[in-house]
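Asker: One structure is given below, represented as structure tokens, and several questions about it will come after.
Put into structure tokens, the structure is as follows:
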């Protein structure tokens, strides 16, 4: 078992990584008998894991109510939120309730935001079931729902009291979702850790085979990197946490332009990271050979290295300018400055970005 | 001009109290030329004050967009919130935008919550226009909307960057709303400050005549008391801030049972404070003579001293148990222990509460 402590402004909390965690109440400390819990999950996960989790919780005297939402990004919305509030209100959940998010990024972000707002903030526990959520979304207290044209436009910083990463979930994860998570894994390596990039180059096949030892190391390393960033920039104020958005501004454009869910988040981020690298290269701060290393690793992971053929380079811009990382109308991007290092760069002319996207499409 | 500093976990901010403040950009510091602002107000206030405020802001080069909602508590809801988000999104407001709430508690709570959630938190300035908002709602960062059966069920702690209290607003405030605000003023005195209670006994007629000198002292004292509480218990965690809910659990029952707006918040709180005092008396911690002093002051202020005739004492309980101040199903109330002091008391049997409400009805 690996335990990583996330230090935040108001308190610290553990990330626990192991197999078999959902069968053991100790994974869910400080929950105890007679505590009230609202478990939020979706219709895909409920048949697989809900019963096991209920046995662990109810078997130890915890009072559990449930919200089972349909599966899909479209429930990460005011509508999905409203369903959780209705359940909390109908079942008379008080300020001392604990929400448990059993699911991927959609369930985690939505449940976390519900916990942030219900009675101005109640406790919640993240039980991420996808690779993407285990290495990224479930850690660090960013919660949100989508609104109109933009992802994560409405949200809060609200830290969980615990993150329970059960590696067993990954064995039932659809291949496409597993691969989508690998994009965020590769993002950590490009943005922050060149040694981890080399480790990925050496171990990508074991990861794809979902070897437990490889998964354990990989997830632990990502969680350590994330916890390190959260400790120094919990609210994305000093530029450190923003580095984790590498590739995301370009990627959001793809996700929104194509319609949520057409391209997976990971596919969009993968293509976005190549675009970011091409942009950095045009600005004279990134080597062609490193772009090739990134593309080779993405391809080995089963990820794309360019955006959808139906999108012109010019069509990205309106979506990128709408992105919430835009400050006062100026285009501001996270760009790599080498494998394992990155920076925020402001005032990038749009023609450079368009040229970089074109380079990613043709090369 | 009076200036009071509110010290919170993350930063301090000023409350400025004076006449004529909305005509002076200095009241809205740190806003400056080219800043982006979303001004939220309602259809009652817009014809009275919007133009003056726009002259001050736009005349100094600030870019202002507006949301003008219909007047009423029913817009303190997900629907009202959605209108603000839509405007922010349509007008491409970024993370550096500032929301300005020009209005009473409804506009302030709603706008504050929108500011708390939009892009996970943007700046906002409170410009409270009612007595209730000037002495209470606009200060201290409690933001919320109503949900289904319960008031303020969904919200956040999100501090404004400034509170601009222009005493001129009070001259156009309808009498019923002014009197509603006096209930919160009297609440501060009963809960926290016996000298202020005596001051109110000596000056209530000047207040009712809206004498500027009396208003200035009264509002300043309430803001000082509120700022003192917020500094030691920003998130209502250690029991200090909860004292400001004196009378509110009973009062919420009236507001919800009668339908929002049938009884004003202040009328409900006034009756609730008498019920709280009667409860405290039954528990042997409050003198009959002090109940009389409270009732006399409330009556002089034009406020009720008991609940609606159509509500039986028993009918309060379901609403009070649904109140968000209930912990683990146990009835927990703020009760006075004398004029100027109060405490949180747990485990109060419901028959005592019913008896106390009956006493308030017949005496």
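Residue numbers (the working numbering), protein chains in the order written: chain C, 6 to 368; chain U, 6 to 368.
Note that CB positions come from ideal geometry on N, CA and C, so glycine has one too.
#1: Are the CB atoms of residue 358(U) and residue 336(U) within a distance shorter than 8 Å?
#2: Within the region 13–68 of chain C, note down every full alpha helix (DSSP H) run reaching 4 residues or more, in order along the chain.
#3: Do the CB positions of residue 119(C) and residue 90(C) come within less than 8 Å of each other?
#4: So, does the region 258–270 of chain U touch the region 221–237 of chain U, judging by three or more C-beta pairs under 8 Å?
#5: Can you pull the chain C residues whose beta carbon is under 9 Å from the beta carbon of residue 147(U), in chain order?
#6: How many Å lie between residue 353(U) and residue 123(C) at the Cα?
#7: Touch check for the region 73–81 of chain U and the region 8–21 of chain U: three-plus C-beta pairs under 8 Å?
#8: Looking at C-alpha atoms only, which residue of 164(C), 39(C), 36(C) and 313(C) is the closest neighbour of residue 272(C)?
#9: Could you tell me which whole alpha helix (DSSP H) segments of length 4 or greater appear in the region 178–247 of chain U?
#10: With 9 Å as the C-beta to C-beta threshold (strictly closer), list the residues of the region 338–350 of chain C near chain U in chain order.
#11: For residue 262(U) and residue 320(U), which I take to be in contact (beta-carbon distance under 8 Å), what is that distance rounded to the nearest angstrom?
#12: Within 8 Å (strictly less), CB to CB, does residue 117(C) reach chain U?
#13: Give a yes or no on whether the minimum CB-CB distance between residue 316(C) and chain U is below 8 Å.
#14: Please state whether DSSP places residue 133(U) in a helix, a strand or coil.
#15: I want to see whether chain U comes within less than 8 Å of residue 257(C), judged by CB atoms only; does it?
#16: If you reduce the DSSP assignment to three classes, tell me which class residue 76(C) lands in.
#17: For residue 251(C), which three-state DSSP category applies?
#18: Roughly how many angstroms separate the alpha carbons of residue 193(C) and residue 230(C), rounded to a whole number?
#19: If I'm right that residue 76(C) touches residue 48(C) with Cβ under 8 Å, what's the distance once you round it to whole angstroms?
#20: So, is the C-beta of residue 152(U) closer than 8 Å to a C-beta in chain C?
#21: Since residue 97(C) is in the alpha helix (DSSP H), which residue starts that stretch and which ends it?
#22: Helix, strand or coil for residue 170(U) per DSSP?
#23: Sort out for me which residues DSSP pairs residue 128(C) with in a bridge.
#24: Using a Cβ cut-off of 8 Å, pull out every chain U residue sitting near residue 160(C), in sequence order please.
#25: May I ask you to report which of helix, strand or coil DSSP gives residue 6(C)?
#26: How many Å lie between residue 23(U) and residue 32(U) at the Cα?
#27: Any idea if residue 277(U) is buried or exposed, counting beta-carbon neighbours within 10 angstroms, 16 or more meaning buried?
#28: Who are the Cβ neighbours of residue 299(U) in its own chain at under 7 Å, not counting the five residues just before and after it?
#29: Express the C-alpha separation of residue 68(U) and residue 129(U) in angstroms, rounding to a whole number.
#30: Would you check if the distance between the CB atom of residue 125(C) and the CB atom of residue 161(U) is smaller than 8 Å?
#31: Under 8 Å by Cβ, that's how I've got residue 318(C) and residue 366(C) pegged, so tell me the actual separation to the nearest angstrom.
#32: Alpha carbon to alpha carbon, what distance is there between residue 140(C) and residue 323(U)?
#33: What separation, rounded to the nearest whole angstrom, lies between the Cα atoms of residue 245(C) and residue 221(C)?
#34: For chain U, check one thing: does any of its Cβ atoms lie closer than 8 Å to the Cβ of residue 136(C)?
#35: If you run the structure through DSSP and keep just helix, strand and coil, what is residue 149(U)?
#36: In chain order, what residues of the region 38–56 of chain U put their CB closer than 7 Å to some CB of chain C?
Answerer: So, to answer that:
#1: In the second chain, the residue the question calls residue 336(U) occupies position 331. In the second chain, the residue the question calls residue 358(U) occupies position 353. For the pair residue 336(U) and residue 358(U), the CB atoms are nearer than the 8 Å cut-off.
#2: Segments of the alpha helix (DSSP H) lying fully in the region 13–68 of chain C: 56–63.
#3: Taking the first residue of the first chain as position 1, residue 119(C) is located at position 114. Taking the first residue of the first chain as position 1, residue 90(C) is located at position 85. In contact: residue 119(C) and residue 90(C) (Cβ atoms closer than 8 Å).
#4: The region 258–270 of chain U, when compared against the region 221–237 of chain U, does not touch it at the 8 Å Cβ threshold.
#5: Here the question's residue 147(U) lines up with position 142 in the second chain. The answer, in chain order, is 125.
#6: On the second chain, residue 353(U) is found 348 positions in, with the first residue counted as 1. On the first chain, residue 123(C) is found 118 positions in, with the first residue counted as 1. Taking the CA atoms as reference points, residue 353(U) sits about 25 Å from residue 123(C).
#7: Taking 8 Å as the limit for Cβ pairs, the verdict is that the region 8–21 of chain U does not touch the region 73–81 of chain U.
#8: Along the first chain, read from residue 1 onward, the residue named residue 272(C) stands at position 267. Looking at 164(C), 39(C), 36(C) and 313(C), the one whose alpha-carbon comes closest to that of residue 272(C) is 313(C).
#9: Positions of the alpha helix (DSSP H) runs, each at least 4 residues long and wholly inside the region 178–247 of chain U, are given as 180–197, 199–213 and 217–237 in order along the chain.
#10: Result list empty, no residue passes.
#11: Counted from its first residue, the second chain places residue 262(U) at position 257. Counted from its first residue, the second chain places residue 320(U) at position 315. For residue 262(U) against residue 320(U), the beta-carbon gap comes to about 6 Å, under 8 Å, which counts as contact.
#12: For this step, residue 117(C) is matched to residue 112 along the first chain. It does not: the Cβ of residue 117(C) has no partner Cβ on chain U nearer than 8 Å.
#13: If you number the first chain from 1, residue 316(C) lands on position 311. Using a Cβ-Cβ cut-off of 8 Å, residue 316(C) does not count as an interface residue toward chain U, since no Cβ of chain U sits closer than that to its own.
#14: Walking along the second chain from the start, residue 133(U) turns up at place 128. If DSSP states are grouped into helix, strand and coil, residue 133(U) belongs with the strands.
#15: Position 252 of the first chain holds residue 257(C). With 8 Å as the cut-off, residue 257(C) does not count as an interface residue toward chain U.
#16: Stepping through the first chain from its first residue, residue 76(C) is reached at position 71. Residue 76(C) falls in the coil class under three-state DSSP.
#17: Position 246 of the first chain holds residue 251(C). For residue 251(C), the three-state secondary structure derived from DSSP is coil.
#18: The count along the first chain starts at 1 and reaches residue 193(C) at position 188. The count along the first chain starts at 1 and reaches residue 230(C) at position 225. Distance between the alpha carbons of residue 193(C) and residue 230(C) is about 7 Å.
#19: Along the first chain, one-based indexing puts residue 76(C) at 71. Along the first chain, one-based indexing puts residue 48(C) at 43. Right, their Cβ atoms sit about 6 Å apart.
#20: What you label residue 152(U) is simply residue 147 of the second chain in a count that begins at 1. So yes, residue 152(U) belongs to the interface.
#21: By 1-based counting over the first chain, the position of residue 97(C) is 92. First-last for residue 97(C): undefined, no H or E at that position.
#22: Here residue 170(U) refers to the residue found at position 165 of the second chain. Strand.
#23: Looking up residue 128(C) in the first chain gives position 123. Answer is 103(C), bridged to residue 128(C).
#24: To locate residue 160(C), count along the first chain from 1; it is residue 155. Within chain U, the residues near residue 160(C) are 122, 124 and 125.
#25: Here residue 6(C) refers to the residue found at position 1 when the first chain is read from its first residue. Reduced to three states, the DSSP call for residue 6(C) is coil.
#26: Sequence index remark: in the second chain, residue 23(U) carries index 18 (1-based). Sequence index remark: in the second chain, residue 32(U) carries index 27 (1-based). Cα to Cα, residue 23(U) sits roughly 10 Å from residue 32(U).
#27: Position 272 of the second chain, counted from the first residue, corresponds to residue 277(U). Answer is buried; the Cβ neighbour count reaches 16.
#28: The residue labelled residue 299(U) in the question sits at position 294 within the second chain. Cβ within range, chain order: 195, 278, 279 and 282.
#29: Translated into positions along the second chain, residue 129(U) becomes position 124. Translated into positions along the second chain, residue 68(U) becomes position 63. Taking the Cα positions, residue 129(U) is about 15 Å away from residue 68(U).
#30: Residue numbering aside, residue 125(C) sits at position 120 when the first chain is read from its first letter. Residue numbering aside, residue 161(U) sits at position 156 when the second chain is read from its first letter. It is a contact, given that the beta carbons lie within the stated cut-off.
#31: By 1-based counting over the first chain, the position of residue 318(C) is 313. By 1-based counting over the first chain, the position of residue 366(C) is 361. Contact holds; Cβ gap of about 7 Å.
#32: The sequence position of residue 323(U) within the second chain is 318, counting from 1. The sequence position of residue 140(C) within the first chain is 135, counting from 1. Between residue 323(U) and residue 140(C), the alpha-carbon positions lie close to 44 Å from each other.
#33: Here residue 245(C) corresponds to residue number 240 of the first chain, with the count starting at 1. Here residue 221(C) corresponds to residue number 216 of the first chain, with the count starting at 1. In this model, residue 245(C) and residue 221(C) are separated by some 25 Å (Cα to Cα).
#34: The residue given as residue 136(C) occupies position 131 in the first chain. False, the Cβ-Cβ gap to chain U never drops below 8 Å.
#35: Looking up residue 149(U) in the second chain gives position 144. In the structure shown, residue 149(U) adopts extended strand secondary structure according to DSSP, grouped into three states.
#36: The residues in question: there are none.
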